[in-house]
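Below is one structure, written out as structure tokens; the observations come after it.
Protein chains: 2
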Amino acid sequence: MANALRLGVAGLGTVGASVIRLLGEHGDALARKNGRAVEVTAVSARDRTRDRGIDLSGLTFFTDPIELAQSDEIDVFVELIGGDNGPAESSVRAALSAGKHVVTANKALLAKHGVDLAELAEDNGVCLNYEAAIAGGIPIVKTLRESLSGNAVTRIYGIMNGTCNYILTRMEKEGISFEDCLADAQRLGYAEADPTFDIEGNDTAHKLAVLTSLAFGTKISADDIYLEGITSITTADIQAADELGYRIKLLGVAQKTDTGIEQRVHPTMVPKQSAIAQVDGVLNAVAVDGDFVGGLVLVGPGAGGDATASSVVSDIADLARGDVTPVLGMPAKDLADYTRARMRLHEGGYYIRFTVQDRAGAFAEIAKAMGNKDISLQSIVQRHRGDADRADAKSVILITHETTEVAVREALDEIAETGVISGVPQMIRIERLS
Amino acid sequence: MANALRLGVAGLGTVGASVIRLLGEHGDALARKNGRAVEVTAVSARDRTRDRGIDLSGLTFFTDPIELAQSDEIDVFVELIGGDNGPAESSVRAALSAGKHVVTANKALLAKHGVDLAELAEDNGVCLNYEAAIAGGIPIVKTLRESLSGNAVTRIYGIMNGTCNYILTRMEKEGISFEDCLADAQRLGYAEADPTFDIEGNDTAHKLAVLTSLAFGTKISADDIYLEGITSITTADIQAADELGYRIKLLGVAQKTDTGIEQRVHPTMVPKQSAIAQVDGVLNAVAVDGDFVGGLVLVGPGAGGDATASSVVSDIADLARGDVTPVLGMPAKDLADYTRARMRLHEGGYYIRFTVQDRAGAFAEIAKAMGNKDISLQSIVQRHRGDADRADAKSVILITHETTEVAVREALDEIAETGVISGVPQMIRIERLS
């Protein structure tokens with residue numbers, strides 16, 4: 001058997017500790033499977049003395065991850081520090097430049113510097129693997145880079161943020177408001193003290209940006225993602241969705257269109273009977289539509305130390321076997337430029353909820369504006385607001401047939417001008433799924 | 001770039017034609033991704049002249065697949081002939097012995113000769129890849145061999161036969177009898193003229209046998225699978241399942257127990273809200289429980305020329321990149337012997353439907369027998385048979401708490417002896433899923 005593949009683990013948080021524990025428990029089996037042993041020889045962390053529940057005896061300890069990255073004691077640098085700059089970025093660059101393979105769970109780093117790092121890895125003849133960076137334990141990177149490499153992908157979409165999915169699921173199952181769910185999620189550790197990054201969709205966007213590149217062979221372009229979080233979703237929307245045969249999920253979607261590639265993160269109505277609609281709580285799911293495979297859906301844990309460690313170790317196993325895959329599915333220099341499809345050209349169905357004054361003609365004005373923009377309606381629901389202060393305020397809910405974003409936006413502007421509605425209408429895009 | 005990887009495709013049915021078409025359409029992209037071109041240089045089929053809608057000009061044509069397997073014109077033998085012996089087996093053996101890699105979609109061959117062929121491949125230093133053999137377009141082989149290699153798998157289960165799932169789905173959605181659904185499935189091409197192999201579970205068993213080996217590192221043991229088909233399932237069972245919060249699916253399940261590994265294929269009640277319960281029609285799904293990843297579910301097309309070709313080409317791409325994975329996840333000589341866990345020791349919940357005469361004391365007899373075997377009941381439903389000839393016949397449906405197969409079987413024997421029931425009770429196992 002070849003010499004052991006020597007790992008340096010930078011960052012000893014939950015995931016780092018799980019990785020070391022996994023390799024301790026299953027190291028022998030892995031060596032048999034890969035034909036090569038794997039051993040952690042060195043680690044880095046800020047605090048040398050903290051008890052992490054793992055045995056670090058015999059391992060060289062660095063406080064500077066860059067020193068670890070350049071150490072002669074390691075063949076693979078495992079970056080579990082996090083963050084899109086600072087020590088994570090500099091140590092990954094140092095490792096690649098020193099001819100070390102890198103395994104990382106850092107989505108923010110990849111979303112920002114992925115193409116650049118891929119070129120650096122390829123110039124140095126080493127691998128940069130990151131299965132754990134996207135959807136935790138779900139093997140979506142390998143599925144795209146390897147299993148679906150014979151397909152032209154037409155769309156990739158998924159539930160990639162457990163915090164949002166937990167909140168939306170509880171709002172649906174228990175009829176609790178967004179604010180109360182968020183507070184509960186924070187109490188249970190499913191949401192950060194500052195939850196902005198999750199609930200506004202940025203976290204999903206980071207993952208989507210990398211998946212878009214893998215799926216379509218384009219450069220990563222995280223800044224070109226249309227972004228809408230879940231803070232405006234009410235229990236009224238969720239109930240209406242239920243009655244109309246939908247569930248509301250925060251999806252990240254990348255889709256090929258005639259004018260480029262749409263990348264969008266927004267609350268989405270998905271048909272109840274679709275696989276993605278059944279993904280509840282903190283679970284994640286990623287779905288791919290390809291020209292030969294048809295549709296594939298992967299469901300699993302999107303976070304957690306152990307599940308993430310499973311993916312980190314899968315990347316390490318590939319290195320132990322000597323499997324070399326281009327970082328972004330094809331050599332970074334061959335990636336096409338990303339062409340953004342404008343959101344105003346987005347085509348799809350829409351759910352729109354208006355609060356109207358209970359006066360004759362309000363609905364006629366709405367219908368007229370829709371008609372002016374050639375938007376045809378599939379369903380119309382009218383009802384009194386259960387939660388309104390004013391008994392004379394009604395909800396009017398429309399489901400449109402396939403139309404365009406610009407038509408909907410212009411119709412909403414026209415309706416606002418008539419003065420028949422109160423407040424800002426709620427607008428949720430419907431995703432067509434089989 | 002290295003010399004092109006030369007393929008010989010044996011068998012030009014639906015899948016073979018799709019593979020050739022896929023390589024024609026996406027060959028350039030694949031070469032960029034893999035760093036090596038792939039080209040079909042030769043094919044074999046029985047009939048040279050048939051129009052298959054693909055261009056075979058320039059390809060060497062063999063009528064004998066063994067000659068193709070041994071040809072100097074190929075590096076990889078792609079076996080798409082089918083069958084667990086005859087030309088498929090002999091040509092695969094010939095190819096491996098001649099030092100050619102083999103890619104196959106042949107589950108029957110692997111279920112019967114997998115370990116033997118794995119040893120032959122490994123002795124000759126070549127690969128035997130078979131992503132397409134199990135669940136069509138779903139990348140479950142790669143997921144088990146590579147993505148989950150750091151996990152101890154505790155259970156693997158799935159819906160792996162589209163014919164059965166199509167029939168069960170239509171029975172549920174439309175209330176049609178098994179016989180009518182089967183006839184429709186045959187008319188639509190979803191079921192064979194002789195459907196036995198599908199509806200009795202043999203096809204699922206072949207796939208399960210290979211997955212068990214991959215999941216648990218044991219030798220393939222297809223003859224040790226407990227087998228029960230779907231022919232006894234009635235619309236009454238499906239309706240009762242629905243009322244009790246379940247759906248009925250034909251599952252293949254392999255599970256680690258204290259006494260060995262259970263392998264079983266049988267109709268199964270799965271909780272409605274589980275991911276697997278939502279898999280309808282001809283779709284397949286495979287789920288894996290692992291100690292680090294937790295639970296993972298993959299849903300996709302289990303058959304069809306194009307979806308299967310997607311998996312065949314994924315195997316070819318691995319060869320083009322030079323990725324070498326042991327055939328059954330670890331070297332065949334290291335596989336452990338398979339120890340069968342006896343079905344009578346199976347633990348789980350049970351659904352039992354009796355037809356009883358409408359006389360006092362019948363239910364007391366049933367309850368007494370259950371109590372004698374320490375079987376506690378979770379739900380009891382009693383109702384008149386809607387479909388009975390005799391208005392005095394009632395259905396009694398029980399859902400048990402966790403118990404053992406032997407206890408249930410002995411209780412049913414005891415109940416039969418009392419004479420309070422008519423016919424054979426229906427017994428469907430419940431799978432505990434999160």
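The listed protein sequences derive, respectively, from chains P and C. Note that the UniProt record's numbering gives residue 264 to position 264 of the first sequence, counting from 1, and the numbers run on in steps of one. Note that the UniProt record's numbering gives residue 250 to position 250 of the second sequence, counting from 1, and the numbers run on in steps of one. All C-beta atoms, glycine included, are put in the ideal place defined by N, C-alpha and C. Keep in mind the model is a prediction, meaning the values are calculated, not measured.
{"query": "When you compare only the Cα positions, how much space is there between residue 265/P and residue 380/P?", "result": "26 Å"}
{"query": "Considering Cα atoms alone, identify which of 289/C, 304/C, 303/C is closest to residue 297/C.", "result": "289/C"}
{"query": "So, are the CB atoms of residue 85/C and residue 107/C less than 9 Å apart?", "result": "no"}
{"query": "Run through the DSSP bridge pairs and tell me what residue 155/C is partnered with.", "result": "255/C, 289/C"}
{"query": "Would you say residue 458/P lies against chain C (beta-carbon separation less than 9 Å)?", "result": "Only positions 1 to 434 of chain P appear in the structure, and residue 458/P is not among them; the question remains open."}
{"query": "May I ask you to list the residues that DSSP assigns as paired with residue 383/C?", "result": "395/C"}
{"query": "Among the candidates 67/C, 195/C, 173/C, 252/C, whose CA atom is the shortest distance from the CA of residue 182/C?", "result": "195/C"}
{"query": "Which residues in the same chain as residue 434/C place their Cβ atom closer than 7 Å to its Cβ, once the five residues preceding and following it in sequence are excluded?", "result": "295"}
{"query": "Could you spell out the range, first to last residue, of the alpha helix (DSSP H) harbouring residue 166/C?", "result": "162–174"}
{"query": "So is residue 232/P buried or exposed if we call it buried at 16+ other beta carbons inside 10 Å?", "result": "exposed"}
{"query": "For the candidate residues 430/C, 432/C, 396/C, 427/C, whose alpha-carbon lies nearest to that of residue 420/C?", "result": "396/C"}
{"query": "Could you check whether the stretch 238–256 of chain P touches the stretch 269–277 of chain P, counting it as contact only if at least three pairs of C-beta atoms, one from each stretch, sit closer than 8 Å?", "result": "yes"}
{"query": "Within its chain, find whatever has a CB closer than 8 Å to the CB of residue 361/P; leave out the 5 residues flanking it on each side and keep chain order.", "result": "420"}
{"query": "Decide if residue 158/P is buried, meaning its Cβ has at least 16 other Cβ atoms within 10 Å, or exposed.", "result": "buried"}
{"query": "Can you tell which of 98/C, 56/C, 83/C, 58/C has the C-alpha that lies nearest to the C-alpha of residue 68/C?", "result": "98/C"}
{"query": "Here's the rule I'm using: 16 or more other beta-carbon atoms within 10 Å means buried, otherwise exposed. How should residue 170/C be labelled?", "result": "buried"}
{"query": "To the nearest angstrom, how far is it from the Cα of residue 65/C to the Cα of residue 88/C?", "result": "8 Å"}
{"query": "Since residue 142/P meets chain C, which of its residues come closer than 9 Å, beta carbon to beta carbon?", "result": "139, 142, 143, 146, 147"}
{"query": "Go to residue 60/P, then tell me how far its beta strand (DSSP E) extends in each direction, as first and last residue.", "result": "60–62"}
{"query": "Tell me which residue opens and which closes the beta strand (DSSP E) that residue 330/C is part of.", "result": "Per DSSP, residue 330/C belongs to no beta strand (DSSP E) and is neither H nor E."}
{"query": "Using three-state DSSP, classify residue 85/P as helix, strand or coil.", "result": "coil"}
{"query": "Please say whether residue 324/C and residue 151/C have beta carbons closer to each other than 9 Å?", "result": "no"}
{"query": "Less than 9 Å between CB atoms is the rule here; does residue 325/C satisfy it with respect to chain A?", "result": "Absent from the structure is chain A; the protein chains it does hold are P and C."}
{"query": "Are there three or more Cβ pairs, one per stretch, closer than 8 Å when the stretch 332–348 of chain P is compared with the stretch 340–360 of chain C?", "result": "no"}
{"query": "Could you tell me whether the stretch 301–312 of chain P touches the stretch 15–29 of chain P, using the rule of 3 or more Cβ pairs below 8 Å?", "result": "yes"}
{"query": "Taking Cβ-Cβ distances shorter than 9 Å, what residues in chain P pair up with residue 301/C?", "result": "293, 294, 295, 296"}
{"query": "Per DSSP, what kind of secondary structure is residue 357/P in: helix, strand or coil?", "result": "strand"}
{"query": "Ordered along the chain, which non-local residues of its own chain (more than five positions away) have a Cβ less than 6 Å from that of residue 370/C?", "result": "411"}
{"query": "Since residue 12/P and residue 45/P should fall inside the 8 Å C-beta cutoff, what is the C-beta to C-beta distance between them, to a whole number of angstroms?", "result": "4 Å"}
{"query": "When you compare each of 31/C, 156/C, 321/C, 59/C to residue 261/C by their alpha carbons, which one comes out closest?", "result": "156/C"}
{"query": "Examine the ligand ADP and report whether any of its heavy atoms sits within less than 8 Å of the Cβ of residue 196/P.", "result": "This structure lacks the ligand ADP; in fact it carries no ligand of any kind."}
{"query": "State the start and end residues of the unbroken beta strand (DSSP E) segment that holds residue 37/P.", "result": "36–44"}
{"query": "What residues from chain C crowd round residue 33/P, counting only those whose CB sits closer than 7 Å?", "result": "149, 326, 329, 330"}
{"query": "How close, in whole Å, do the beta carbons of residue 213/P and residue 139/C come, if the pair is a contact with beta carbons under 8 Å?", "result": "About 20 Å separates the two Cβ atoms, so there is no contact after all."}
{"query": "Tell me which residues of the stretch 212–234 of chain C have at least one Cβ-Cβ distance to chain P shorter than 9 Å, keeping chain order.", "result": "217"}
{"query": "The beta strand (DSSP E) with residue 314/C in it runs from where to where?", "result": "Run containing residue 314/C: none in the beta strand (DSSP E); it sits in the alpha helix (DSSP H), 305–321."}
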